[in-house]
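**Q** Let me begin by handing over the structure; questions about it come next.
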Amino acid sequence: MHGVPLVLALFLGAWSDKNGGARKGPLLAGLLGKTIYSVMFAVNAWQDSWPLYFSLYTATLPPALTGADLAIFMATFSYVADVTTPEERTLRITLLQVSYLITIPTGVALGKILFNATGESVVICFLVNAALLVVALIYAALRLNWRSAKRVMDTAKVVEKRKPFLCDFFDRQHLADTIRTVFRKRPGSRRAYLWGLLIAMGLYTFHRDESSLMYLYTQLTFNFDLNLYSNFRTYQSGVYVLGILCVMPIMTKVCKLPDAAAVLVGAAAHAAARVVFILAQMPYMLYVGATLSSLGPIVAPVIKSMVTKVVPIRDRGKVMSILASADNAVPLFSGVVYSQVYNATITTFPQAFFIITIAAQLLVMAIMGGIQCSLKSGRLDDGETPPAAQVDEPLQRSPSKASIHSVTD
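According to mature numbering (1 follows the signal peptide of the UniProt record, and there is no 0), the stretch in the sequence shown is residues -16 to -1, 1 to 393, in order.
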């Protein structure tokens, strides 16, 4: 099921761009899929007699068919990029990332309380999650605009015959447009910048599978049980949020650091924290390392902001869907790399898997250093759009069926 959203992403961003920044539709579809996921897992937990494979078809398949997290992240980050100026975009996208990160420590803490208060009822926990998703679904449906930017129209190509939605969505031209967005020549060195940013995002997300081995490592080295490790993860997630909220406004508003420099700071923080983890002899050193890495999470939102700046608005949905795909695809093989290294060194040097993270972050720093040296004191832009037109006004009215299917790139 993991591969279904990856296939959808090849069409999702291009369809959204073609229909004038139609970000709301993919967002609602993703939220609906996640709601079905929670409801059906509650039902599966309640029905003890159902075989395990029922959960695959009733709970896992529906969100996969709606894009789930991939659709949600593509739509939300593209929406924010569409309606903010380049100067404000990095901070706004970072705040959007914070809204996601802050749910980790609060969810772990409140989830533990709810789980114990309900007599360890999995059903109630999933239903509470479903209720929160319904609130998000209703809010998005009522408050967000259907389109976050005016439609990019190519007057040379007008569709005379309307297509059914599925035929329009899975148009092979969308696949071609998505691939072309990455490979086509752009003014100056912007194609190289785009490739560098996409590779940097892949390298940064490589360390996500480190967390599963971190528990095994702390259990082996410091005799952590699940409760102690949960406390550590809650602290780590909490300082991530505080670090972003406190430092990012200073970087962007006060120091006015370039985006690439902010990524350098974040990647360096992640790498330095892993050095502390490797050298740690006492449990408190893990907390020192976690505090040191509090600036690390700024890397992902800043790279996303840079990607939206290096392409024109007509390509934003496509590149954001590619980034969302990278978020989902990289863990498919990074987990294998981490686990193989850990298993091979568990008796000699169990900290070795941290070196993978350090190497990945150093490569991110090298890419960002190259981009910053190339830009020198210049600003990162797409080289095509005039500064006054780099943010578009969202359309206020809901689309008619004719407006959805009448125009193609």
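Don't be surprised by glycine CBs; every beta carbon is placed ideally from N, CA and C.
(1) Would you report the Cα separation of G180 and F190, rounded to the nearest angstrom?
(2) With three or more beta-carbon pairs closer than 8 Å as the criterion, would you say the stretch 52 to 65 touches the stretch 297 to 309?
(3) Take every Cβ of the stretch 222 to 240, pair it with every Cβ of the stretch 356 to 365, and state whether three or more of those distances are shorter than 8 Å.
(4) For T162 and R156, what's the separation of their Cα atoms in angstroms?
(5) What do you get for N211, buried or exposed, if any count of 16 or more other CB atoms within 10 angstroms of its CB means buried?
(6) May I ask which residues mark the beginning and end of the alpha helix (DSSP H) holding E104?
(7) Cβ of V295 within 9 Å of Cβ of T165?
(8) With 16 other CB atoms within 10 Å as the buried threshold, where does L207 fall?
(9) Starting from P70, trace the alpha helix (DSSP H) in both directions and tell me its first and last residue.
(10) Tell me whether R170 sits in a helix, a strand or coil according to DSSP, three-state version.
(11) Taking only the alpha-carbon atoms, compute the straight-line gap between L182 and T50 and give it to the nearest angstrom.
(12) Taking just the CA atoms, how far does Y84 sit from L94?
(13) Does the distance from the C-beta atom of P270 to that of G227 stay below 9 Å?
(14) To the nearest angstrom, report how far apart Y123 and W130 are at their CA atoms.
(15) Expressed to the nearest angstrom, what Euclidean distance is found between the alpha-carbon atoms of H254 and C151?
(16) Write down the C-beta distance between Y224 and P285 rounded to the nearest angstrom, noting that I regard them as a contact closer than 8 Å.
(17) Which value, in whole angstroms, describes the spacing of the CA atoms of T202 and L346?
(18) For a cutoff of 9 Å on Cβ pairs, would you count L16 as touching chain C?
(19) Which residues in the same chain have their Cβ closer than 6 Å to the Cβ of P315, if we skip the five residues on either side of it in sequence?
(20) From which residue to which residue does the alpha helix (DSSP H) around residue 397 run?
(21) Looking at the structure shown, is R156 part of a helix, part of a strand, or coil, going by DSSP?
(22) Should W34 go down as buried or exposed, given a rule of 16 or more other Cβ atoms within 10 Å for buried?
(23) Could you please give the first and the last residue of the uninterrupted alpha helix (DSSP H) stretch that includes V23?
(24) Using 10 angstroms around the beta-carbon of D299, count the other beta-carbons present and answer buried if the total reaches 16, otherwise exposed.
(25) State buried or exposed for V291, treating a residue as buried only when at least 16 other CB atoms are found within 10 Å of its CB.
(26) Would you identify the three-state DSSP class for R363, choosing helix, strand or coil?
(27) Just the C-alpha distance for V(-10) and D66, rounded to the nearest angstrom, thanks.
(28) Using only CA atoms, which one of Q324, Y268, A246 and Y322 lies nearest to V348?
(29) Can you tell me whether Q265 is buried or exposed? The criterion is at least 16 other CB atoms within 10 Å of its CB, across all chains shown.
(30) Cα separation between M352 and A256?
(31) Per DSSP, which one or two residues make a beta bridge with R127?
(32) Assign T60 to one of three DSSP states: helix, strand, or coil.
(33) Tell me which residues share the same chain as A274 and place their Cβ nearer than 8 Å to its Cβ, disregarding the 5 neighbours each side in the sequence.
(34) Report the start-end ranges of each alpha helix (DSSP H) in the stretch 227 to 273 that is 4 residues or longer and not cut off at the edges.
(35) What's the C-alpha gap between C240 and S289?
**A** To lay it out plainly:
(1) Position 196 of the sequence shown, counted from the first residue, corresponds to residue 180. Position 206 of the sequence shown, counted from the first residue, corresponds to residue 190. Distance between the alpha carbons of G180 and F190 is about 15 Å.
(2) yes
(3) no
(4) One-based indexing of the sequence shown puts residue 162 at position 178. One-based indexing of the sequence shown puts residue 156 at position 172. Their Cα atoms are separated by approximately 10 Å.
(5) Indexing the sequence shown from 1 puts residue 211 at position 227. When all chains shown are included, N211 counts as exposed.
(6) Stepping through the sequence shown from its first residue, residue 104 is reached at position 120. Premise fails: E104 is in no alpha helix (DSSP H) and is neither H nor E.
(7) Mapped onto the sequence shown, residue 295 falls at position 311. Mapped onto the sequence shown, residue 165 falls at position 181. Yes, these two residues count as a Cβ contact at 9 Å.
(8) Locating residue 207 in the sequence shown gives position 223, where the first residue counts as 1. In the sequence as presented, Leu is not what sits at residue 207; that position holds Asn. So N207 ends up on the exposed side.
(9) The sequence position of residue 70 within the sequence shown is 86, counting from 1. Looking at the DSSP string, the run of the alpha helix (DSSP H) that includes P70 is P70 to L85.
(10) Residue 170 sits at position 186 when you count from the first residue of the sequence shown. In this structure, R170 counts as coil in the three-state DSSP scheme.
(11) Position 198 of the sequence shown, counted from the first residue, corresponds to residue 182. Position 66 of the sequence shown, counted from the first residue, corresponds to residue 50. Using only the alpha carbons, I get a separation of about 24 Å.
(12) Your numbering for residue 94 matches position 110 in the sequence shown. Your numbering for residue 84 matches position 100 in the sequence shown. Spanning the two alpha carbons is a distance of roughly 16 Å.
(13) For this step, residue 270 is matched to residue 286 along the sequence shown. For this step, residue 227 is matched to residue 243 along the sequence shown. Note on identity: in this sequence residue 270 is Leu, with Pro being the wrong assignment. Against a cut-off of 9 Å, the Cβ pair of G227 and L270 comes out as no contact.
(14) In the sequence shown, counting from the first residue as 1, residue 123 sits at position 139. In the sequence shown, counting from the first residue as 1, residue 130 sits at position 146. Distance between the alpha carbons of Y123 and W130: 13 Å.
(15) On the sequence shown, position 270 is the one that residue 254 refers to. On the sequence shown, position 167 is the one that residue 151 refers to. Roughly 45 Å separates the two Cα atoms.
(16) On the sequence shown, position 240 is the one that residue 224 refers to. On the sequence shown, position 301 is the one that residue 285 refers to. At roughly 12 Å, the Cβ-Cβ gap does not stay under 8 Å, so Y224 and P285 are not in contact.
(17) For the purposes of this step, residue 202 is taken as residue 218 along the sequence shown, with counting starting at 1. For the purposes of this step, residue 346 is taken as residue 362 along the sequence shown, with counting starting at 1. Those two C-alpha atoms are separated by around 24 Å.
(18) The structure shown contains no chain C, having only a single protein chain.
(19) Counted from its first residue, the sequence shown places residue 315 at position 331. Result list for P315: R192 and D193, in chain order.
(20) Not covered by the structure: residue 397. The range shown for the chain is -16 to 393.
(21) To locate residue 156, count along the sequence shown from 1; it is residue 172. Note: R156 maps to helix in three-state DSSP.
(22) As a working mapping, residue 34 is identified with position 50 in the sequence shown. It counts as exposed.
(23) By 1-based counting over the sequence shown, the position of residue 23 is 39. Counting along the chain, the alpha helix (DSSP H) containing V23 begins and ends at K8 to W30.
(24) As a working mapping, residue 299 is identified with position 315 in the sequence shown. D299 should be labelled buried.
(25) Here residue 291 refers to the residue found at position 307 when the sequence shown is read from its first residue. It counts as buried.
(26) Start at 1 with the first residue of the sequence shown, and residue 363 comes out as number 379. Reduced to three states, the DSSP call for R363 is coil.
(27) For the purposes of this step, residue -10 is taken as residue 7 along the sequence shown, with counting starting at 1. For the purposes of this step, residue 66 is taken as residue 82 along the sequence shown, with counting starting at 1. Cα to Cα, V(-10) sits roughly 24 Å from D66.
(28) For the purposes of this step, residue 348 is identified with residue 364 of the sequence shown, where counting begins at 1. When only C-alpha atoms are compared, the closest one is A246.
(29) Sequence index remark: in the sequence shown, residue 265 carries index 281 (1-based). Q265 is exposed by the Cβ-count criterion.
(30) Start at 1 with the first residue of the sequence shown, and residue 352 comes out as number 368. Start at 1 with the first residue of the sequence shown, and residue 256 comes out as number 272. Those two C-alpha atoms are separated by around 17 Å.
(31) Here residue 127 refers to the residue found at position 143 when the sequence shown is read from its first residue. Answer is none; R127 lacks a bridge partner.
(32) Locating residue 60 in the sequence shown gives position 76, where the first residue counts as 1. Reduced to three states, the DSSP call for T60 is helix.
(33) Counted from its first residue, the sequence shown places residue 274 at position 290. These residues qualify, in order along the chain: F216, Y219, Q220, V223 and A257.
(34) 243 to 263
(35) The residue labelled residue 240 in the question sits at position 256 within the sequence shown. The residue labelled residue 289 in the question sits at position 305 within the sequence shown. Checking the displayed sequence, the identity of residue 240 turns out to be Lys instead of Cys. If you take the alpha carbons of K240 and S289, they lie about 15 Å apart.
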